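J.:
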Amino acid sequence: MGMGDTTMNDQHKTFMALALKEAKKAGQMDEVPIGAVLVSESGGLLSVAHNRTIASADPTAHAEILALREGSRKLSNYRLLNTILYVTVEPCIMCMGAILHARVSTLIFGAPDPRWGAVGSVYNFANDKRFNHQPKIISGICRDQCAALMREFFRSKR
Numbered sequence: 002m003g004m005g006d007t008t009m010n011d012q013h014k015t016f017m018a019l020a021l022k023e024a025k026k027a028g029q030m031d032e033v034p035i036g037a038v039l040v041s042e043s044g045g046l047l048s049v050a051h052n053r054t055i056a057s058a059d060p061t062a063h064a065e066i067l068a069l070r071e072g073s074r075k076l077s078n079y080r081l082l083n084t085i086l087y088v089t090v091e092p093c094i095m096c097m098g099a100i101l102h103a104r105v106s107t108l109i110f111g112a113p114d115p116r117w118g119a120v121g122s123v124y125n126f127a128n129d130k131r132f133n134h135q136p137k138i139i140s141g142i143c144r145d146q147c148a149a150l151m152r153e154f155f156r157s158k159r
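Given below as structure tokens:
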């Protein structure tokens with residue numbers, strides 16, 4: 002692993018820690034604890050978000066969608082070319098669809114979602130050549146913390 006890889010990995014962990022902080026906010030609001038952070042190619046923070054489906058009475062108010070909306074507003078562009086999206090949990094089909102439409106370059110997620118995941122767990126939209134965009138995928142960044150947050154949330158529901 003070269004020097005650049007270590008620096009890159011540190012950057013990934015830093016932004017995922019921010020996404021985890023967002024996820025915890027969602028959990029405290031009794032929302033599914035998922036957080037997302039959108040970053041520009043140069044490493045500039047474009048948006049941070051967490052699940053707000055209940056608070057917003059909006060089934061589309063997933064962390065990823067909210068982060069993409071805010072990032073697009075900030076850039077005044079529906080295309081989010083050369084951006085990196087960090088998400089604590091593997092995106093669902095709705096979020097993956099939005100990520101593809103927005104042309105996000107890189108998707109980085111923490112924990113897999115065996116029930117809803119659309120990046121390899123249930124479906125794999127990222128590698129589907131029928132779509133005209135395939136984002137780069139990096140998974141497993143802060144995986145244990147991301148998975149633990151989900152586990153604890155759902156355990157408290159039972």
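Numbering of the sequence shown is given in the working numbering, commencing with residue 2 and proceeding in unit increments.
Where a beta carbon is used, it is the ideal one built from N, C-alpha and C, also for glycine.
What you are looking at is a predicted structure, and each value in this text was computed from that prediction instead of being measured.
Going by the beta-carbon positions, is the gap between N52 and V40 smaller than 8 Å?
T.: Not a contact, by the Cβ cut-off of 8 Å.
J.: So, are the CB atoms of L69 and A99 less than 8 Å apart?
T.: Yes, the Cβ-Cβ distance between L69 and A99 is below 8 Å.
J.: Does DSSP classify T61 as helix, strand or coil?
T.: Correct three-state label for T61: coil.
J.: Is it right to say L21 is buried, meaning 16 or more other beta carbons lie within 10 angstroms of its own, or is it exposed?
T.: Flag for L21 reads buried.
J.: List the endpoints of the continuous beta strand (DSSP E) containing S41.
T.: Per DSSP, S41 belongs to the beta strand (DSSP E) from G36 to S41.
J.: Quick check: the region 85-96 against the region 105-123, are at least 3 beta-carbon pairs closer than 8 Å?
T.: A contact exists between the region 105-123 and the region 85-96.
J.: Excluding sequence positions up to five away, which residues of its chain have a Cβ less than 7 Å from the Cβ of R74?
T.: The answer is none, since no qualifying residue turns up.
J.: For the region 102-134, which segments carrying the beta strand (DSSP E) assignment without a break, of at least 3 residues, lie completely within its bounds, in sequence order?
T.: DSSP runs (the beta strand (DSSP E)) wholly in the region 102-134: 107-112.
J.: So, for L67: in the same chain, excluding its five sequence neighbours on each side, which residues have a beta-carbon less than 6 Å away from its beta-carbon?
T.: Result list for L67: A50, in chain order.
J.: Distance check for R144 and K158, CA to CA, integer angstroms please.
T.: K158 and R144: Cα-Cα distance of roughly 22 Å.
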